[in-house]
Amino acid sequence: KTRNKAHKRTNQTQVKSIQVNENIKLQNTNYKDKDSMLVGTVMRKIKSRSWKKQRYFKLQDDCMTIWYKSKKAGNTHSTFSVSDVEAIREGHQSEVLLSIADEFPADRCFTLVFRGRRGNLDLVAESAEEAQSWISGMRKLIENLENMGEREKLDQWIGDWFKKADKNNDGRMNFKEVRDLLKMMNVDMNEHHAHRLFTMADKSQSGTLEDDEFILFYKMLTQREDVLRVFQEYSVDGQTLSQSDLEDFLREEQLEEADFQQHAKQLIERYEPSDTAKLLNAMTFDGFLMYLGSAEGSIFNPQKRGVFQDMSQPLCHYFISSSHNTYLMEDQLRGQSSVEGYIRALTRGCRCVEVDCWDGANGEPIVYHGHTFTSKILFKDVVSAVGTYAFKVSDYPVILSIENHCSVEQQRVMAQHLNHILGDKLLKSTLDGKVPIGLPSPEDLKGKILLKAKKIGGLEESLNEIAEDSLNGEISDEDEVAELDEDNLHRESKSKQRLSKELSDCVVYCKSVRFSSFKHSRVHSKFYEVVSFTESKARKHLRETGAEFVHHNTQQLTRVYPSGFRTDSSNFNPQEMWNVGCQIVALNFQTAGEGMDLNDGLFSQNGRCGYVLKPGFLRDAEKRFDPEGPQKQDGYQPVILNIQVISGQQLPKVNIKEDSIVDPLVRVEIHGVPMDQAKQETRYIDNNGFNPVWYDTLHFTIHTPELAVVRFVVEDYDKTSKNDFVGQYTLPLSCMQQGYRHIHLLSKDGTSIPPSSLFVHIRITRLE
Numbered sequence: 001k002t003r004n005k006a007h008k009r010t011n012q013t014q015v016k017s018i019q020v021n022e023n024i025k026l027q028n029t030n031y032k033d034k035d036s037m038l039v040g041t042v043m044r045k046i047k048s049r050s051w052k053k054q055r056y057f058k059l060q061d062d063c064m065t066i067w068y069k070s071k072k073a074g075n076t077h078s079t080f081s082v083s084d085v086e087a088i089r090e091g092h093q094s095e096v097l098l099s100i101a102d103e104f105p106a107d108r109c110f111t112l113v114f115r116g117r118r119g120n121l122d123l124v125a126e127s128a129e130e131a132q133s134w135i136s137g138m139r140k141l142i143e144n145l146e147n148m149g150e151r152e153k154l155d156q157w158i159g160d161w162f163k164k165a166d167k168n169n170d171g172r173m174n175f176k177e178v179r180d181l182l183k184m185m186n187v188d189m190n191e192h193h194a195h196r197l198f199t200m201a202d203k204s205q206s207g208t209l210e211d212d213e214f215i216l217f218y219k220m221l222t223q224r225e226d227v228l229r230v231f232q233e234y235s236v237d238g239q240t241l242s243q244s245d246l247e248d249f250l251r252e253e254q255l256e257e258a259d260f261q262q263h264a265k266q267l268i269e270r271y272e273p274s275d276t277a278k279l280l281n282a283m284t285f286d287g288f289l290m291y292l293g294s295a296e297g298s299i300f301n302p303q304k305r306g307v308f309q310d311m312s313q314p315l316c317h318y319f320i321s322s323s324h325n326t327y328l329m330e331d332q333l334r335g336q337s338s339v340e341g342y343i344r345a346l347t348r349g350c351r352c353v354e355v356d357c358w359d360g361a362n363g364e365p366i367v368y369h370g371h372t373f374t375s376k377i378l379f380k381d382v383v384s385a386v387g388t389y390a391f392k393v394s395d396y397p398v399i400l401s402i403e404n405h406c407s408v409e410q411q412r413v414m415a416q417h418l419n420h421i422l423g424d425k426l427l428k429s430t431l432d433g434k435v436p437i438g439l440p441s442p443e444d445l446k447g448k449i450l451l452k453a454k455k456i457g458g459l460e461e462s463l464n465e466i467a468e469d470s471l472n473g474e475i476s477d478e479d480e481v482a483e484l485d486e487d488n489l490h491r492e493s494k495s496k497q498r499l500s501k502e503l504s505d506c507v508v509y510c511k512s513v514r515f516s517s518f519k520h521s522r523v524h525s526k527f528y529e530v531v532s533f534t535e536s537k538a539r540k541h542l543r544e545t546g547a548e549f550v551h552h553n554t555q556q557l558t559r560v561y562p563s564g565f566r567t568d569s570s571n572f573n574p575q576e577m578w579n580v581g582c583q584i585v586a587l588n589f590q591t592a593g594e595g596m597d598l599n600d601g602l603f604s605q606n607g608r609c610g611y612v613l614k615p616g617f618l619r620d621a622e623k624r625f626d627p628e629g630p631q632k633q634d635g636y637q638p639v640i641l642n643i644q645v646i647s648g649q650q651l652p653k654v655n656i657k658e659d660s661i662v663d664p665l666v667r668v669e670i671h672g673v674p675m676d677q678a679k680q681e682t683r684y685i686d687n688n689g690f691n692p693v694w695y696d697t698l699h700f701t702i703h704t705p706e707l708a709v710v711r712f713v714v715e716d717y718d719k720t721s722k723n724d725f726v727g728q729y730t731l732p733l734s735c736m737q738q739g740y741r742h743i744h745l746l747s748k749d750g751t752s753i754p755p756s757s758l759f760v761h762i763r764i765t766r767l768e
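Take the sequence shown: its position 235, counted from the start at 1, is 235 in the UniProt record's numbering, and no numbers get skipped.
Here it is as structure tokens:
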């Protein structure tokens, strides 16, 4: 009985404390910009030199949606949300706008860059003032969005649904509109139940729901029984959590070791909406829900978000976020090459990008996938983009991996461009000018761009300036053209290639060399030499001589890239390469899926800076770690991971069909050493993507927790065909928080899809 009362009361508090605030988002926006955006503007949408069309752009009244349409009457319109926009670039900052630079001045041009893999929107305004008004207005809107609290985001989300469902725009919703809305929201609810909620929410008994009534309806619909259970278990009076109740919860469930008294105080201060409760140092159900839905209540440990690792170890002691054929936006045979590929990779924290260079017209080297129909871009444009974007999201060094097919003359031009465009950012000599004995650290190399390419002679000779003008250097095994040699393709790549001294001198700590054997490397290798393997060669070595491979990677850098037969730009699983300590595991950043999810997951820690310190046993040459036999390792300490998948919230609709509703299941995958690779699934829930409840527990034994990456995947079960992907979230086991946690799901592209989440309970225990 007490429980019921508590339940009722909490429900009311919950409703009271949320108000719809339609236009709160914009109180800070410069009113002039906002007004002109609300009135709307005609701008040119540019797709190429020949495709330039006028479109009417307008900010909707919700101040969250941009609406645009062709000037011709009767044409359909398009919309996109301000939250989809990642950045605004001013002037000629995209290939498309650069191509029309002679026609429209930079101060009228700007580019909207979208999250994920969606193409840019290039626009030209009628005047510089109009362009500026949209640029600063959009930036302010984005800033306001980023500063929004959880509460406001929820209001925003509810308001959005209200507008979608209010078909006749009269500011109220009848029962038919509500029923259609439930379908849109992925809710399969019987009519009787829906009608009962509708009547309960319709306080004014007008037969329609207005603003506050709709919020009440939404609240009843989204009542979190699962969280209420936990709340009531720890609440002494069933109404609130006192500070000491909350301390018990943090200590016993969330397993917090730090000062939980202080933390409980902070949480009440930060998340409790009721001032009365705050005065009593207590937390209502509403505040508890807010805390669990926040970053602190999420599965990812906030202490691992910023840079927290030691960044002063040699470069070869880190995993380095790396991209393959960075210039490609699509497949490997006919796809478009674009400078945009470099910008996207670098702004995602990638620290090693690849440049395939070939002789171009007019003495200008070009970049494209040789011997294919992919389009070509200028080497100097790539270098400019790298110079501009290298350190926007991370100060740590960027490696330019050059695959060089150019004549000596055009190699000289490459060297000129690198020196002229990058200036001091290009690392031209060892840090102190002396012959070093090992690789410098990411900390030492902050703000520097390193060239990885072939070099005449060694580092020692170039420091003593005894290299001749142009020696023969054999093409190295890293060349992807050479990889296809096994099939007698492109025989010419085996001929010797001459290197220009100027380009060779730009190579300091990353000299590309051909691999002969680990035994040979152990005796003859220099720390600055880098070997590249195709995924299949790397796999062969890690299976046959795993411990040797690990040892090699404690001393020097290794790059692994996808097989030349992956013409669709698909990715291999990078985990097995990380297991032996390979640092530069190059993936096709343009292709979404498991490979990129794991890469994003591993590098989501440590400030997303693109460098993650390898576990001690992959850095210590004496340890002889073998991923095939982790239990032989000194200090072997396996763990048991228990995950109770409790519920899901507002999963996105995957099927566009009106009537289709998701049948969700959750799969948890462990990626790690071979013994740890595992997958388990919950059962699927019929027809409920809105608030499915499982309470299914999955158990995993993990032998090398330091290398384990955990991927949560939600799928729409289909008994006749392959399940549809709904959402995913991937993180290192070492970054996981224990206790009751929300997992904020990401789309296939790795972008967030609020408010879709999973609610789970996590326990990690040592296996004694």
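Think of the CB as a built atom: it goes at the ideal place given N, C-alpha and C, for glycine as much as any other residue.
Going by beta carbon distance, what residues of the same chain come within less than 7 Å of residue i, once the five residues before and after it are set aside?
i: R491; result: Its pLDDT being 39, under 50, R491 is placed unreliably by the model, and nothing is read from it.
i: F319; result: W578, Q583, L602, V612 and K614
i: E296; result: P302
i: F572; result: E535, P562 and G595
i: A101; result: H92
i: F104; result: V124
i: K47; result: V96
Which residues in the same chain as residue i place their Cβ atom closer than 8 Å to its Cβ, once the five residues preceding and following it in sequence are excluded?
i: K163; result: D62
i: Y342; result: T326, Y327, V353, V382, A385, V386 and Y389
i: L255; result: Q738 and G739
i: T567; result: D331, Q332 and L333
Just confirm the distance between the C-beta atoms of residue i and residue j, as a whole number of angstroms; I'd bet it's less than 8 Å.
i: G727; j: N186; result: Contact flag wrong, Cβ pair sits at about 12 Å.
i: L315; j: P442; result: 7 Å
i: H733; j: I743; result: Looking at the sequence shown, residue 733 is not His but Leu. That belief does not hold up - the Cβ atoms of L733 and I743 are roughly 14 Å apart, past 8 Å.
i: G458; j: K526; result: 6 Å
i: A415; j: C506; result: 6 Å
i: R115; j: A131; result: The Cβ separation is near 22 Å, so there is no contact.
Based on the DSSP output, what are the partners of residue i in its beta bridges?
i: I764; result: L641
i: residue 782; result: Because residue 782 is not part of the residues shown, which for the chain are 1 to 768, the question remains open.
i: H671; result: V709
i: W67; result: K58 and T79
i: L665; result: E715
i: L746; result: Q728 and S752
Shortest alpha-carbon distance to residue i belongs to which of the options?
i: K32; options: E95, H92 and S136; result: S136
i: R741; options: S747, P732, V760 and S734; result: V760
i: L289; options: E330, S48 and L241; result: L241
i: L221; options: S563, W134, H193 and S757; result: H193
i: residue 771; options: L292, T704 and D597; result: In the structure as shown, the chain starts at 1 and stops at 768, and residue 771 therefore has no counterpart that could be examined.
i: R117; options: R348, N281, F518 and D359; result: R348
i: S312; options: Q336, Q261 and Y396; result: Y396
i: L431; options: T697, Q497, G447 and L418; result: G447
i: E576; options: I670, G610 and D620; result: I670
i: I299; options: F110, S504, T591 and Q644; result: Q644
i: D749; options: T765, T701, G593 and S721; result: G593
i: S127; options: M43, R559 and H195; result: M43
i: A453; options: A678, L463 and I399; result: I399
i: F762; options: V710, F725 and D724; result: Reading off the sequence, residue 762 comes out as Ile, not Phe. Minimum Cα distance to I762 is reached at V710.
i: F379; options: S394, I421, F391 and L346; result: I421
i: P674; options: Y291, R522, L280 and A708; result: A708
Once you ignore the five residues that flank residue i on each side, which residues in its own chain have a CB closer than 6 Å to its CB?
i: T372; result: L333
i: K425; result: I449
i: G607; result: G306 and V307
i: K304; result: Q605 and C735
i: L698; result: I643, V668 and Q680
Answer with yes or no whether the minimum CB distance from residue i to chain B is below 8 Å.
i: K176; result: You won't find chain B in this structure, because it holds only one protein chain.
Touching by the beta-carbon criterion (3+ pairs, under 8 Å), the stretch 80-94 and the stretch 136-144: yes
Segment contact flag, the stretch 644-654 with the stretch 169-189, C-beta cutoff 8 Å, min 3 pairs: yes
Segment contact, 8 Å Cβ cut-off, at least three pairs: the stretch 355-368 with the stretch 408-421: yes
Any 3 or more C-beta pairs closer than 8 Å across the stretch 216-234 and the stretch 263-277: no
The stretch 508-519 touching the stretch 537-553, judged by at least three CB pairs closer than 8 Å: yes
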